[in-house]
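Report on one structure; see the data block that follows.
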Amino acid sequence: MDTRADHSADSPAETFPFIVVANRLPVDIVTHPDGQQTLSPSPGGLVTALSPVLQEHHGCWVGWPGEIDVELEPFVTEGGVTLHPITLDKTDYEGFYEGFSNATLWPLYHDLIVQPVFDPEWWEVYREVNDRFARQVAELAAPKATVWVQDYQLQLVPGILRLLRPDLRIGFFLHIPFPAPDIYRQLPWREEILRGLLGADLIGFHLLGNTVNFLHLAAAITGENSHTGLPALEIHGEAGIREATATIDAPDGRKVGVGAFPISIAIPEEDAPTDDLQTLRTQLGDPEIIFLGVDRLDYTKGILQRLLAFEELLETGALEPEDVVLLQIATPSRERIEQYRTARTRVEEAVGRINGRFGRIGHPVVHYQHSSVPHDLLNQYYRLADIMLVTPYKDGMNLVAKEFVAAHPEGDGALVLSEFAGAADELTQAHLCNPYDLDSIKRRMIDAVTELRLYPDRAQTRMLALSEQVRQHDVHLWANSFLDCLEDTAGRSTLA
Ligand code: GDG
7 MDTRADHSAD
17 SPAETFPFIV
27 VANRLPVDIV
37 THPDGQQTLS
47 PSPGGLVTAL
57 SPVLQEHHGC
67 WVGWPGEIDV
77 ELEPFVTEGG
87 VTLHPITLDK
97 TDYEGFYEGF
107 SNATLWPLYH
117 DLIVQPVFDP
127 EWWEVYREVN
137 DRFARQVAEL
147 AAPKATVWVQ
157 DYQLQLVPGI
167 LRLLRPDLRI
177 GFFLHIPFPA
187 PDIYRQLPWR
197 EEILRGLLGA
207 DLIGFHLLGN
217 TVNFLHLAAA
227 ITGENSHTGL
237 PALEIHGEAG
247 IREATATIDA
257 PDGRKVGVGA
267 FPISIAIPEE
277 DAPTDDLQTL
287 RTQLGDPEII
297 FLGVDRLDYT
307 KGILQRLLAF
317 EELLETGALE
327 PEDVVLLQIA
337 TPSRERIEQY
347 RTARTRVEEA
357 VGRINGRFGR
367 IGHPVVHYQH
377 SSVPHDLLNQ
387 YYRLADIMLV
397 TPYKDGMNLV
407 AKEFVAAHPE
417 GDGALVLSEF
427 AGAADELTQA
437 HLCNPYDLDS
447 IKRRMIDAVT
457 ELRLYPDRAQ
467 TRMLALSEQV
477 RQHDVHLWAN
487 SFLDCLEDTA
497 GRSTLA
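So this note's numbering is basically just the index in the sequence shown, starting at one, shifted up by 6.
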């Protein structure tokens, strides 16, 4: 989105036919020397996917600008999209964002990798903040507008909005996994959240498995649909696009669509010049094989496991320190939450130990950075890497795996991918590993190395198949597929 935060919205009473509501606005706040604050764009996959629809309809994006206690006026981007900031104070941030969203829902939805905290005060704040988002959207939405609510932080918004504005067409998409019913049922507020979601006309997940989990849960908790058993799930059969849909009865008698819509990426258009890549390779000591990891520093991502696998391969001599490096970008994330601090400490201890054991001065075997890199440089690292390591214990999709594949259209390189990343459902030609089994990660890393060294044709065939899958199923297809289905579910489009 070509955001330029220099002109304010036409009038506060303006309403919009298409609204995206997400925890974060697609911007960062920039504070100038004179204390003045403006917004600068922070592009991402979701922004790229939704920008064309938002621009076409002069739509509006409602969200938090990323800093507490900052009150900003709405802004209109150069593309004509209104960004409507929601203010969060310290109590909101701690209870809604760090607390209920990221210390309760996040671990629960990622299969209890760490223990979720169930705190009634956090739940209260989560409800209040969801209510604030919903009321803001209710004011901004034109009659019969389409509203697309994003992700686990805002699961009560569809239900509240439905009560405030029954005329709206409401879609909801969950970007993280949806767990098995027995895990979900631990949540003291499971029924309220489920009813919140059922306020939508269409509830989207990444995967068929998430959708089935949700259908079981909805039948068990609401008691609706229980007379007929699970509703029929229509399987569409193509990995990567609207894989399955079903219709269920909400407690208020409405029909609600539920379906799998695997998210994807915007395919990069330009190639970085190759001499830049050689410079980067030289900086890393000109190794034969560069392994790459790119993750938010999150305990779900399995960063420590991949470091331990790398260490054991060096220890046994399966890999030689002269031949290989591991480049790990770990962007800071949720740093005030205890489990995130512990995860960082363990990762950094392992990096230090491995370099101490196998590196030499000026020649580390692990190159580690705990800060984000600019988008263009990240793309160059993707292109430079020989083997991408994506080893999460659980991941809704994992866009990094798809970004790496898209950076290798010629079929060079290899991808080691966890079976527990959503992307594994589509990227079946990757070297799939079980991140809970260190030997499995090691085997797949060695398979990837061996194939690149000895059977390059086979390696290329795999990567070309992956590349084809990602290119044919980009993020625009994802957004259109969801919005088309929302239109089918909720009747004629007001966007038409
Ligand atoms: C959630 C779900 C689901 C990372 N480091 C840098 C950087 N990144 C960018 C990557 C990628 C994005 O961040 C991370 O996306 P992922 O999908 O890998 O993971 P989550 O952040 O956990 O996202 C996930 C996703 O939502 C979408 O639905 O796939 O399962 O957990 O785009 O490129 N970008 C830049 N510098 C970095 O250092 N510029």
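The beta carbon of each residue, even a glycine, is placed where N, CA and C say it ideally should be.
The C-alpha of residue 184 lies about 33 Å from the C-alpha of residue 383. For the region 236-299, the full-length alpha helix (DSSP H) segments reaching 4 residues or more read 280-289 along the chain. In this structure, residue 386 lies away from residue 304, with their beta-carbon atoms at least 7 Å apart.
A straight-line Cα-Cα distance of about 31 Å links residue 130 and residue 36. Between residue 444 and residue 318, the beta carbon gap of about 7 Å places them in contact (Cβ cut-off 8 Å). With a threshold of 16 other beta carbon atoms within 10 Å, residue 241 falls short and is exposed. By the criterion of at least three beta-carbon pairs nearer than 8 Å, the region 364-379 is not in contact with the region 408-424.
The three-state reading of DSSP puts residue 29 in strand, counting E and B together. Distance check between residue 22 and each of 48, 47, 29, 90 places 90 closest, using alpha-carbon atoms only.
Remark: the shortest separation between the CB of residue 409 and any heavy atom of ligand 1 falls under 6 Å. A contact between stretches requires three or more CB pairs, one per stretch, nearer than 8 Å, and the region 339-347 meets this requirement with the region 103-110. In this structure, residue 389 has its CB at a distance of at least 6 Å from all heavy atoms of ligand 1.
Taking residue 197 as reference, the option from 121, 208, 220, 207 with the minimal CA-CA separation is 220. The distance from the Cβ of residue 207 to that of residue 177 is about 7 Å, consistent with a contact at the 8 Å cut-off. When DSSP assignments are scanned along the region 189-217, the uninterrupted stretches of beta strand (DSSP E) that are 3 or more residues long and fall wholly within it turn out to be 208-211. With a cutoff of 7 Å on beta-carbon distance, residue 154 and residue 26 are scored as near each other. Restricting attention to 336, 201, 244, 192, the CA atom closest to the CA of residue 213 is found in 244. By the Cβ neighbour-count rule, residue 289 is exposed, with fewer than 16 other Cβ atoms within 10 Å of its own. Residue 47 holds the alpha-carbon nearest to the alpha-carbon of residue 83 among 69, 47, 112, 115. When the Cα atoms are used, residue 395 and residue 401 turn out to be separated by approximately 14 Å. In the structure shown, residue 333 adopts extended strand secondary structure according to DSSP, grouped into three states. Remark: C-beta atoms of residue 295 and residue 301 do not approach each other more closely than 7 Å. The alpha carbon of residue 199 has as its nearest neighbour, out of 251, 136, 237, 152, the alpha carbon of 136. At a threshold of 6 Å, residue 69 does not count as near ligand 1, since its beta carbon sits no closer than that to any of the ligand's heavy atoms. Listed as beta-bridge partners of residue 420 by DSSP are 393.
With fewer than 16 other Cβ atoms from the protein chains shown falling within 10 Å of its own Cβ, residue 96 counts as exposed. Taking 6 Å as the cut-off, the C-beta of residue 378 counts as close to a heavy atom of ligand 1.
Residue pairing by DSSP puts residue 43 in a beta bridge opposite 37. With a threshold of 6 Å, the Cβ atom of residue 72 does not count as near ligand 1, since no heavy atom of the ligand is closer than that. Rounded to the nearest whole angstrom, the CA to CA distance from residue 164 to residue 367 is 56 Å.
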